[in-house]
Amino acid sequence: MANQLDELVHHDQTDDCPVCRAQNFVDLALIPAVAAWELNNELPRFSLALHGAAALLGVMLEEGVTREDVDAALSELLDDIERQIAETESENHLCAPITSAKRALRRSFCMSLKPGIRRESLRHQQKQDRKPRSTQAFN
Ligand SMILES: [Zn+2]
Numbered sequence: 001m002a003n004q005l006d007e008l009v010h011h012d013q014t015d016d017c018p019v020c021r022a023q024n025f026v027d028l029a030l031i032p033a034v035a036a037w038e039l040n041n042e043l044p045r046f047s048l049a050l051h052g053a054a055a056l057l058g059v060m061l062e063e064g065v066t067r068e069d070v071d072a073a074l075s076e077l078l079d080d081i082e083r084q085i086a087e088t089e090s091e092n093h094l095c096a097p098i099t100s101a102k103r104a105l106r107r108s109f110c111m112s113l114k115p116g117i118r119r120e121s122l123r124h125q126q127k128q129d130r131k132p133r134s135t136q137a138f139n
């Protein structure tokens, strides 16, 4: 893929690789926030994720990135994500505690955005008699 997005798709192998930094931000902040917003606003699952992603890509088109370059970059990133999913699924057999801990971390971050939004999800939390978490950052 020889286009202007090439450097945004491939890791530069430095300690502060922009690809890794962007992916970490998306994993830690955007994915849980989008899931919470969908839930809080009674939107179908993935509705905000899909339209948010499309709108962000639309900004790139508005700013002159070609549709072909966006398509190529997106296709490559989705290929990588599918590879990661396959790797994670095969690792689940070997290190289920680690992946379930990651899932629990993501879920607890998501729930910290709006405690009390979903009783079923909070039941486990209430069993452990935790204090309500701060919602200041996203209010
Ligand atoms: Zn990287």
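Position 125 of the sequence shown, counted from 1, bears residue number 125 in the numbering used here, the numbering being contiguous throughout.
For each residue, glycine too, the CB sits at the ideal point set by N, CA and C.
DSSP state of residue i mapped onto helix, strand, coil
i     : result
Ala14 : Looking at the sequence provided, one finds Thr at residue 14 rather than Ala. If DSSP states are grouped into helix, strand and coil, Thr14 belongs with coil.
Val65 : coil
Phe25 : helix
Glu42 : coil
His93 : coil
Burial state of residue i (16 or more Cβ within 10 Å)
i     : result
Leu48 : buried
Val26 : exposed
Pro18 : exposed
Val34 : buried
Ala36 : buried
Terminal residues of the alpha helix (DSSP H) in which residue i lies
i    : result
Leu8 : 6–9
8 Å contact criterion, which residue i and residue j should meet: CB distance rounded
i     : j    : result
Asp71 : Asn3 : About 10 Å separates the two Cβ atoms, so there is no contact after all.
- [ ] Evaluate contact between the region 73–82 and the region 6–17, counting only Cβ atoms and requiring at least three cross-stretch pairs below 8 Å.
- [x] Three or more beta-carbon pairs separated by less than 8 Å link the region 73–82 to the region 6–17, which places the two stretches in contact.
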